[in-house]
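Protein chains in written order, with the UniProt record's numbering: chain L, 1 to 435; chain B, 1 to 558.
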């Protein structure tokens, strides 16, 4: 029998009794054929691969990351708590050294869920990786973490959550926002004042294939990771860059995904999107599992795989080289760029409109980041939506100085203006308040 | 009259049961060099004074196939394997010659690429050159569509060089390609050995004028008729623990979650009941280095029994896992739990010698020989408890795949313990305290395995998949791959599954009235392509569960 080179933990939770709606891409059937493939390949019998059931995340795991409006209970279902719990279980098994790496194949996905949550956007309500990561930071102490988002859609939720956190490097490569939901993820979205340069977007043109993805990995992602030196790497493993995906326009392959995971070498991978449930997911997931376990994946390919047909056109290759160069140069010069962007400011304001496509909600948001010399600075969100909520949310960051802590509590007590709800996230003391 | 025979590594036990009572028993040593002779002479002795025409059925639990595998005396097998894309294939090579062919069928049973007759022809030449006459043909996802296996069989059959051919999809309907390969291999490997044995049995029965039907015990606690066993001899492996399991249930019945223990001289076998139904291995049993798809009762054997040798290591008592010989009180080389029981007067034997054994151990621990026996029995009970807890923990964290199962899934929470074996009576009160559960043991346990074999009924399981988008219904085990209409419902499928599993049990020799058929798993998925529902994908498991022909009339103590 085959033995895994790396001990791999798998949380395989297809949630066969959950769907957004019967014909929605995010439906019961989504991981059915993946399960068939995993079972038929005999993955359960491979020495060194261990299966775990999800635990159920609790309210606090959500509060560490989100302002759910009006509250967690109204927004988050049991299936979301289990999806988060699956990721938590996977990461715990790595932190406790029961396994070397782990892969949580859970659903629903999460990377479009931002800090404020009025409902479902991009099939996501809770940011699974973020809730997982903050839980393990809580349990195992501070960690310097890189999240690499390989979903075809920009990981705008994860970007929002770690926008001003230097200890969480977020790298997303995805189909260019001018051609695909959620329409963000451009090169100049580079992070908040305390973490400028630690949010990296690599928008790729439609039609990018294996060559392009591997080029970006080797010329941008891996060099940046080498310099950043994270304690752990998380792959936000969306699989919709696949050439058969029904809602995107890329040309990535199961082989490509396996190679990517082999070279990226993440400690934890968490499934995100991917809706070619028959033609892609069974093979992509198998490829990722084998790559993470250190097992030969060279025989993994789709039944209709045709190398020549999927060859990336020259002009795309050239374009990707240019994008890569720009992004990497920005990373190298991030400190100068930061000075240019924020010199002399003591506050940075960011105004946005956020559309919840799944639930059809429009949010208007204004964020304020205080620039503090001693810490990454108190920040606040004023937000309202067409459902009648008008909220004020305060975040005291993990490294907050005593001034910022006091200011946070003062703002919670005496806010300026009238709101339907006011929230305080005290990350220093892991305390969460709402009124 | 029902005859039951259980062949163990050292002994063969046989019983006659009439009107729910044991009326005769025989115990004989197993002659490893002539297993058939051992069985036959035991049966002859058992039936000597009885009217052979009154025998209703003969149930045998035999180690014929198991021994052949473990001792490597199986026939050489040629393997034709189609592994398609996925894991590398080299590790699947288990036959004496392995030919990997091209072609592929995917997870939905769609033929992606055809097989190549030229490759099969070359395989035939190799097998012919090496005088290999047992063959197994296994293709990935053949349980979803057996087309390639069937076509290849048709081609190779005409060559007339094979005495037997096993097709992967017939060994089990479960998904697990490596196990399907190994199980098919083993089936072909023990084919000749088992068929030799069954021919001998049939001849001898004819000579003696016995015309009762013969059933063979399977590892899942059920039986199959000899004819089926001849086709699927792999199903006869490792039926020993199943006999013991059925024996415990025959003597002590339960409808609850329970722990069953068979504590012998060398080992303790641990089993579980969930609401009175046996707990099975999730996929199948492992034999030698092969993980198989042979359905089996979940059983764990630990090296701890009445005759396990006891040592003191780092100031603590270590019992087992080795048996070095008889108990010290019976002239054996080292102290054993049996000695502790003799010392306490709970078992017959030389008390003085037993205390001598206690003294040897006590000296190393600075404990008086009087205190030693209790300490030993307590340690033994602790070891059993720790192991059972560990296994239960594992069982209760088996992967689940739905929110409902995760939140409300069945957890095994034993309400009682049923024990058989030599030390049962002595250990029962100690285990009762440790587990905080009532412990039951029967008066007579010596022939429990043979009783278990005697009272086992035919069992079977089927795995059905209905794909209404494709308009296909498959039951691999029964070689069913047929068209259905697009409106086929889950109710239709369940009804059909129950009919099929009953029919299958009857083909195994069950009688209509003894069949307890049930659906054990069912699911139905909407298949959506684009924005439209293209069909339903249903998965159903049905089984005829193991059970007893009758409960034994006897007494139990608690």
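Backbone N, C-alpha and C fix where the C-beta goes; we use that ideal spot for every residue, glycine too.
Just to confirm, are residue i and residue j a CB contact at a threshold of 7 Å?
{"i": "residue 545 of chain B", "j": "residue 516 of chain B", "result": "yes"}
{"i": "residue 224 of chain B", "j": "residue 456 of chain B", "result": "no"}
{"i": "residue 396 of chain L", "j": "residue 427 of chain L", "result": "yes"}
{"i": "residue 301 of chain L", "j": "residue 239 of chain L", "result": "no"}
{"i": "residue 171 of chain L", "j": "residue 221 of chain L", "result": "yes"}
{"i": "residue 25 of chain B", "j": "residue 82 of chain B", "result": "no"}
{"i": "residue 291 of chain L", "j": "residue 261 of chain L", "result": "yes"}
{"i": "residue 450 of chain B", "j": "residue 31 of chain B", "result": "no"}
{"i": "residue 143 of chain L", "j": "residue 228 of chain L", "result": "no"}
{"i": "residue 192 of chain L", "j": "residue 174 of chain L", "result": "no"}
{"i": "residue 448 of chain B", "j": "residue 417 of chain B", "result": "no"}
Assuming the contact rule is C-beta atoms closer than 8 Å, residue i and residue j should be a hit. Round their C-beta distance to whole Å, please.
{"i": "residue 462 of chain B", "j": "residue 505 of chain B", "result": "Not really, about 10 Å apart at Cβ, beyond 8 Å."}
{"i": "residue 230 of chain L", "j": "residue 145 of chain L", "result": "6 Å"}
{"i": "residue 268 of chain L", "j": "residue 19 of chain L", "result": "At roughly 26 Å, the Cβ-Cβ gap does not stay under 8 Å, so residue 268 of chain L and residue 19 of chain L are not in contact."}
{"i": "residue 285 of chain B", "j": "residue 294 of chain B", "result": "5 Å"}
{"i": "residue 356 of chain L", "j": "residue 120 of chain L", "result": "6 Å"}
{"i": "residue 335 of chain B", "j": "residue 360 of chain B", "result": "6 Å"}
{"i": "residue 54 of chain B", "j": "residue 1 of chain B", "result": "5 Å"}
{"i": "residue 149 of chain B", "j": "residue 135 of chain B", "result": "That pair is no contact at about 11 Å."}
{"i": "residue 189 of chain B", "j": "residue 63 of chain B", "result": "Rounded, the Cβ-Cβ distance is 15 Å, inconsistent with contact."}
Can you pull the chain L neighbours of residue i, defined as C-beta to C-beta under 7 Å?
{"i": "residue 397 of chain B", "result": "53"}
{"i": "residue 140 of chain B", "result": "40"}
{"i": "residue 175 of chain B", "result": "36, 39, 40"}
With 16 other CB atoms within 10 Å as the buried threshold, where does residue i fall?
{"i": "residue 139 of chain L", "result": "exposed"}
{"i": "residue 236 of chain B", "result": "buried"}
{"i": "residue 589 of chain B", "result": "Any property of residue 589 of chain B remains undetermined from this structure, which presents chain B solely from 1 to 558."}
{"i": "residue 459 of chain B", "result": "buried"}
{"i": "residue 8 of chain L", "result": "buried"}
{"i": "residue 259 of chain L", "result": "buried"}
{"i": "residue 147 of chain L", "result": "buried"}
{"i": "residue 278 of chain L", "result": "buried"}
{"i": "residue 23 of chain B", "result": "exposed"}
{"i": "residue 285 of chain L", "result": "buried"}
{"i": "residue 78 of chain B", "result": "buried"}
{"i": "residue 345 of chain B", "result": "exposed"}
{"i": "residue 556 of chain B", "result": "In this predicted model, residue 556 of chain B has a pLDDT of only 39, less than 50, meaning its place in the structure is not dependable enough to derive any value."}
{"i": "residue 255 of chain B", "result": "exposed"}
{"i": "residue 158 of chain L", "result": "buried"}
{"i": "residue 326 of chain L", "result": "exposed"}
{"i": "residue 558 of chain B", "result": "With a pLDDT of only 36 at residue 558 of chain B, under 50, the local geometry of the prediction cannot be trusted, and the value read off the model is given with reservation. Result: exposed."}
{"i": "residue 178 of chain L", "result": "exposed"}
Chain L partners of residue i, CB-CB under 8 Å?
{"i": "residue 61 of chain B", "result": "Within chain L, no residue comes near residue 61 of chain B; the closest Cβ sits about 27 Å away, beyond 8 Å."}
{"i": "residue 106 of chain B", "result": "303"}
{"i": "residue 118 of chain B", "result": "The premise fails here: residue 118 of chain B is roughly 22 Å from chain L at the closest Cβ pair, so nothing lies under 8 Å."}
Name the chain B residues whose beta carbon is nearer than 9 Å to that of residue i?
{"i": "residue 57 of chain L", "result": "Those within 9 Å of residue 57 of chain L in chain B number zero; the least Cβ separation is about 12 Å."}
{"i": "residue 82 of chain L", "result": "403, 406, 407"}
{"i": "residue 27 of chain L", "result": "525, 526, 528"}
{"i": "residue 300 of chain L", "result": "85, 86, 87"}
Shortest alpha-carbon distance to residue i belongs to which of the options?
{"i": "residue 56 of chain B", "options": "B/510, B/112, B/360", "result": "B/510"}
{"i": "residue 88 of chain L", "options": "L/418, L/73, L/100, L/106", "result": "L/106"}
{"i": "residue 368 of chain L", "options": "L/164, L/179, L/47", "result": "L/164"}
{"i": "residue 213 of chain B", "options": "B/220, B/198, B/221, B/219", "result": "B/198"}
{"i": "residue 126 of chain L", "options": "L/62, L/153, L/104", "result": "L/62"}
{"i": "residue 436 of chain L", "options": "L/421, L/118, L/110", "result": "The shown model of chain L, from 1 to 435, leaves out residue 436 of chain L, and the question about it has no answer."}
{"i": "residue 275 of chain L", "options": "L/108, L/159, L/334", "result": "L/108"}
{"i": "residue 287 of chain B", "options": "B/238, B/129, B/449, B/411", "result": "B/238"}
{"i": "residue 323 of chain L", "options": "L/81, L/219, L/22, L/232", "result": "L/219"}
{"i": "residue 202 of chain B", "options": "B/312, B/122, B/58", "result": "B/58"}
{"i": "residue 394 of chain L", "options": "L/433, L/112, L/307", "result": "L/433"}
{"i": "residue 71 of chain L", "options": "L/59, L/82, L/78, L/79", "result": "L/59"}
For a contact defined as C-beta to C-beta under 9 Å, what are the partners of residue i on chain L?
{"i": "residue 277 of chain B", "result": "By Cβ distance, chain L contributes nothing, its closest Cβ being about 22 Å from residue 277 of chain B, past 9 Å."}
Just the chain B side, please: which residues come within less than 8 Å of residue i by C-beta, in chain order?
{"i": "residue 33 of chain L", "result": "107, 108"}
Taking C-beta pairs closer than 7 Å, name the residues in chain B that residue i reaches, listed in chain order.
{"i": "residue 353 of chain L", "result": "Per Cβ cutoff of 7 Å: no residues; residue 353 of chain L is ~28 Å from chain B at best."}
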